[in-house]
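Asker: Numbering (UniProt numbering), first residue to last: 1 to 411.
All residues carry an ideal CB built from backbone N, CA and C; glycine is no exception.
1. Are residue 146 and residue 163 close, meaning C-beta to C-beta below 9 angstroms?
2. Please work out which residues of its chain come closer than 7 angstroms, Cβ to Cβ, to residue 375, disregarding the five sequence neighbours upstream and downstream, and give them in chain order.
3. Sort 196, 344, 158, 122 by Cα distance to residue 273 and report the nearest one.
4. If you drop the 5 nearest sequence neighbours on each side, which residues of the same chain put their C-beta closer than 7 angstroms to that of residue 101?
5. Using CA coordinates, which residue listed in 170, 168, 211 is at the minimum distance from residue 188?
6. Do you know how far the Cα of residue 77 is from the Cα of residue 159?
7. Can you list, in chain order, the residues of its chain with a C-beta nearer than 6 angstroms to that of residue 388? Leave out the 5 residues immediately preceding and following it.
8. For residue 381, is the beta carbon positioned less than 8 angstroms from some heavy atom of the ligand ATP?
9. How long is the line joining the alpha carbons of residue 275 and residue 168, rounded to whole angstroms?
10. How many Å lie between residue 72 and residue 111 at the Cα?
11. Within the same chain, show all residues whose beta-carbon is closer than 8 angstroms to that of residue 292, passing over the 5 residues directly before and after it, in chain order.
12. To the nearest angstrom, how far is it from the Cα of residue 430 to the Cα of residue 271?
13. By Cβ distance below 8 angstroms, which residues in the same chain neighbour residue 8 in space, the five residues on each side in sequence not counted?
14. Looking only at its own chain, which residues have a Cβ that is under 7 angstroms from the Cβ of residue 377, when we skip the five neighbours before and after it?
15. Name the DSSP bridge partner or partners of residue 227?
16. Can you give, in chain order, each stretch of the beta strand (DSSP E) that sits fully within the region 159-231 and has at least 3 residues?
17. Could you please give me the residues that DSSP links to residue 247 through a beta bridge?
18. From the DSSP output, read off the bridge partner residues of residue 278.
19. Within its chain, find whatever has a CB closer than 6 angstroms to the CB of residue 63; leave out the 5 residues flanking it on each side and keep chain order.
20. Tell me whether the beta-carbon of residue 219 lies closer than 9 angstroms to the beta-carbon of residue 229.
21. For residue 409, does the three-state DSSP call read helix, strand or coil?
22. Going by DSSP, name the residue or residues bridged to residue 81.
23. Using DSSP with H/G/I as helix, E/B as strand and the rest coil, what is residue 356?
24. For the putative contact between residue 252 and residue 346, defined by C-beta atoms under 8 angstroms, what is the C-beta separation to the nearest angstrom?
25. Would DSSP call residue 377 helix, strand or coil?
26. So what does DSSP say about residue 390, is it helix, strand or coil?
27. Would you kindly work out how many angstroms separate the C-alpha atoms of residue 166 and residue 372, rounded to a whole number?
28. Residues in its own chain within less than 7 angstroms of residue 125 by CB, not counting five upstream and five downstream?
29. Under the three-state reduction of DSSP, which class applies to residue 130: helix, strand or coil?
30. Should residue 255 and residue 338 be called a contact, given that it needs their Cβ atoms to be closer than 9 angstroms?
31. Considering only the beta carbon of each residue, do residue 89 and residue 175 sit closer than 9 angstroms?
32. Take residue 57 and list the residues in its own chain whose beta-carbon comes closer than 8 angstroms to its own, dropping the five residues that flank it on each side.
33. Beta-carbon within less than 7 angstroms of residue 122's beta-carbon, same chain only, minus the 5 sequence neighbours each way: which residues are those?
34. What's the gap between the Cα of residue 197 and the Cα of residue 141?
35. Would residue 59 pass as a contact of residue 406 if the rule is Cβ separation under 9 angstroms?
36. Just checking: is the beta-carbon of residue 94 within a distance shorter than 9 angstroms of some beta-carbon in chain D?
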């Protein structure tokens, strides 16, 4: 491989490069520094990452090596193997992923798009341009803190003060990408405090723009030229970014009057929108899970004290002064199970949901990130009618030392 970096440059990849998958390149680039240099040269000179061929999904996480070095690990779901990447982002907080890119908050709570394989980074507008965040400067004019509102508090009360790295733990919920950032044209949408509001930024924007004054959003998905945003009550709002001003409409009215389940919206390969309602149950180790469709847990952890969400929006807003952020409780060993309570296929033309009991030939990947759906026949290593789950807890950042709720649900 030492000679790979000296290979004659070409504008077109060879047939071998066309069939080489992401994992083979990661293998070569992870062996040592000289191999990583060769891998980088081939990748950049031949434009391999511009050839967007469908890839099976991967699980990305951070870890500490035996030598104490911070590492980023890419786990192949199909190969059941882990590959070490050379990206120093272990201290960053991931709030979304799509098209092979991560949306991550750094140690100052500023947001970036990061490609964990290529190492490419794109800085997003400063969070101080978000309406709910105010910078605080010290006597020397250096940024020292942020002023904002934690989850569960409305903007009617006084804001709280957060350290530079602390704000990301309480302010961000999820982030979503409209398209591949390597094309130079994309939109990033944030769900953030207070009360699940939306803000967005286009490529090369200098600031975040708030979307129309609604809240309690919990998930988003892009379809065609529209973004569909799901509320915690099951309503779906459509946002059209094509014109100079964003147009908003309600395509599905709320489906309930209370907040209890964790809710997600996913785009199926057929073009349908799927709405998923999740029940998260914490039981002591050794006890049985009450839900019939029990997933296969890979990890266990001790849950935080969670906010009781069995209240409607008005009640929640009235009681926000009594709410505080969850605190860690390590006194009891618990196992957390995410179980599917209900699933719907949303007929946008008829503006009505149809409850379903099967995903057919589809396989879902859901979590506290940008969920997606694949057609199992295009990925023979994956099983149809299955859902791959990663931890869906909004306060996952407060559980850094706890094992994650990762499971596969067979419908």
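Answerer: With the structure as the only source:
1. The count along the chain shown starts at 1 and reaches residue 146 at position 146. The count along the chain shown starts at 1 and reaches residue 163 at position 163. Contact: yes.
2. If you number the chain shown from 1, residue 375 lands on position 375. Excluding the 5 residues flanking it on each side, residue 375 has same chain C-beta neighbours closer than 7 angstroms at 269, 361, 362, in chain order.
3. As a first step, residue 273 must be located in the chain shown, where it is residue number 273. When C-alpha distances from residue 273 are compared across 196, 344, 158, 122, the shortest belongs to 344.
4. Residue numbering aside, residue 101 sits at position 101 when the chain shown is read from its first letter. Around residue 101, the same chain offers 113, 114, 115, 177, 181 as residues with beta carbons nearer than 7 angstroms, after the five sequence neighbours per side are excluded.
5. Residue mapping note: residue 188 aligns to position 188 of the chain shown, counting from 1. If we check each option's Cα against that of residue 188, 211 comes out closest.
6. The sequence position of residue 159 within the chain shown is 159, counting from 1. The sequence position of residue 77 within the chain shown is 77, counting from 1. In a straight line, the C-alpha of residue 159 is about 43 angstroms away from that of residue 77.
7. Here residue 388 refers to the residue found at position 388 when the chain shown is read from its first residue. The residues 365, 408, in chain order, have a CB closer than 6 angstroms to that of residue 388 in the same chain once the five nearest residues on each side in sequence are set aside.
8. As far as ligands go, the structure on display features none, and thus does not contain the ligand ATP.
9. Your numbering for residue 275 matches position 275 in the chain shown. Your numbering for residue 168 matches position 168 in the chain shown. Per the coordinates, the alpha-carbon of residue 275 lies some 27 angstroms from the alpha-carbon of residue 168.
10. For the purposes of this step, residue 72 is taken as the residue at position 72 of the chain shown. For the purposes of this step, residue 111 is taken as the residue at position 111 of the chain shown. When only Cα atoms are considered, residue 72 and residue 111 end up about 18 angstroms apart.
11. Locating residue 292 in the chain shown gives position 292, where the first residue counts as 1. Legend: pLDDT at residue 292 = 39, less than 50; position of this residue unreliable, no value from coordinates given.
12. No information on residue 430 is available, as it lies outside the stretch 1 to 411 that the chain covers here.
13. Taking the first residue of the chain shown as 1, we reach residue 8 at position 8. Here the model assigns residue 8 a pLDDT of 29, short of 50, so the residue's position is not dependable, and the following value carries that caveat. In its own chain, leaving out the 5 sequence neighbours on each side, no residue places its CB closer than 8 angstroms to the CB of residue 8.
14. Counting from 1 along the chain shown, the entry for residue 377 is found at position 377. So the list reads 361, once near-sequence residues are dropped.
15. The count along the chain shown starts at 1 and reaches residue 227 at position 227. BP columns for residue 227 point to 222, 239.
16. Complete beta strand (DSSP E) runs here, min 3: 160-163, 172-177, 187-192, 197-202, 217-223, 226-231.
17. Within the chain shown, residue 247 is the residue found at index 247, counting from 1. DSSP, once it has assigned bridges, lists 240 as partnering residue 247.
18. Walking along the chain shown from the start, residue 278 turns up at place 278. Under DSSP, residue 278 forms a beta bridge with 262, 340.
19. The residue you call residue 63 lines up with position 63 of the chain shown. Answer for residue 63: 71, 73, listed in chain order.
20. Your numbering for residue 219 matches position 219 in the chain shown. Your numbering for residue 229 matches position 229 in the chain shown. Pairing residue 219 with residue 229 gives a Cβ-Cβ distance under 9 angstroms.
21. Counting from one through the chain shown, the residue named residue 409 turns up at place 409. Residue 409: strand per DSSP, three-state reduction.
22. Locating residue 81 in the chain shown gives position 81, counting from the first residue. According to DSSP, residue 81 bridges with 76.
23. Along the chain shown, read from residue 1 onward, the residue named residue 356 stands at position 356. Coil at residue 356, not helix or strand.
24. As a working note, residue 252 is residue 252 in the chain shown. As a working note, residue 346 is residue 346 in the chain shown. Taking the Cβ atoms as the reference, residue 252 lies roughly 6 angstroms from residue 346, within the contact range of under 8 angstroms.
25. The residue you call residue 377 lines up with position 377 of the chain shown. DSSP, read as helix, strand or coil, puts residue 377 in helix.
26. Translated into the one-based positions of the chain shown, residue 390 becomes position 390. The answer is coil: DSSP assigns residue 390 none of H, G, I, E or B.
27. In the chain shown, counting from the first residue as 1, residue 166 sits at position 166. In the chain shown, counting from the first residue as 1, residue 372 sits at position 372. Roughly 29 angstroms between the two C-alpha positions.
28. The residue you call residue 125 lines up with position 125 of the chain shown. Cβ within range, chain order: 201, 205, 206, 207, 208.
29. The sequence position of residue 130 within the chain shown is 130, counting from 1. When secondary structure is reduced to three states using DSSP, residue 130 falls in the coil class, being assigned neither helix nor strand.
30. Numbered from 1 along the chain shown, position 255 holds the residue referred to as residue 255. Numbered from 1 along the chain shown, position 338 holds the residue referred to as residue 338. Against a cut-off of 9 angstroms, the Cβ pair of residue 338 and residue 255 comes out as no contact.
31. Taking the first residue of the chain shown as position 1, residue 89 is located at position 89. Taking the first residue of the chain shown as position 1, residue 175 is located at position 175. Against a cut-off of 9 angstroms, the Cβ pair of residue 175 and residue 89 comes out as no contact.
32. Taking the first residue of the chain shown as 1, we reach residue 57 at position 57. Around residue 57, the same chain offers 77, 365, 372, 374, 388 as residues with beta carbons nearer than 8 angstroms, after the five sequence neighbours per side are excluded.
33. Counting from 1 along the chain shown, the entry for residue 122 is found at position 122. 112, 113, 181.
34. The count along the chain shown starts at 1 and reaches residue 197 at position 197. The count along the chain shown starts at 1 and reaches residue 141 at position 141. Just so you know, the alpha carbons of residue 197 and residue 141 end up roughly 30 angstroms apart.
35. Within the chain shown, residue 59 is the residue found at index 59, counting from 1. Within the chain shown, residue 406 is the residue found at index 406, counting from 1. Going by C-beta atoms, residue 59 is nearer than 9 angstroms to residue 406.
36. Chain labels in this structure do not include chain D; a single protein chain is all it has.
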